[in-house]
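Residue numbers (our numbering): -19 to 91.
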């Protein structure tokens, strides 16, 4: 396990000057996966962590390469993996944290 620091808050660049409003969230744990999405110079980076006390942490950073658009970082804390799945199932599935549903040929044929 390592000490992990995640930023939570807002960051904005205006005419080359950086404005930051937020704090650092620190905990002992490990990164268990992540997902990167990008479209039209904007994107989302989602990281998944397991804290040493068993809680699950999701860090989501929404960013933009466009000047004056904010970068927003959020930290979500869940007591259990199923609680995290309720909110972030798509991201967790695509990052390989949880398995994708699997169908048999009979299930597909019966649709």
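Positions of the beta carbon are idealized from the N, C-alpha and C atoms, including for glycine.
Item to check | From 88, 86 and 65, residue whose alpha carbon lies closest to that of residue 77 | outcome: Looking at the Cα atoms, 65 is the closest of the given residues.
Checklist entry - DSSP state of residue -3, grouped into three classes? => result Residue -3 falls in the strand class under three-state DSSP.
Checklist entry - How many whole angstroms separate the CB atoms of residue 5 and residue 55, which I take to be in contact at a CB cut-off of 8 Å? => result Sure, about 5 Å apart at Cβ, within 8 Å.
Checklist entry - Looking only at its own chain, which residues have a Cβ that is under 7 Å from the Cβ of residue 21, when we skip the five neighbours before and after it? => result Contacts found: 44, 45 and 46.
Next on the checklist: Using only CA atoms, which one of 16, 52, 58 and 50 lies nearest to residue 32?
Outcome noted: Selected option, being the one with the closest Cα: 58.
Item to check | Reference residue 49; option with closest CA among 0, 60 and 73 | outcome: In terms of CA proximity to residue 49, 0 leads the group 0, 60 and 73.
Next on the checklist: Whole angstroms are fine: how far does the CA of residue 74 sit from the CA of residue 34?
Outcome noted: Taking the CA atoms as reference points, residue 34 sits about 22 Å from residue 74.
Checklist entry - Name the DSSP beta bridge partners of residue -10, please? => result DSSP links residue -10 through a beta bridge to 1 and 52.
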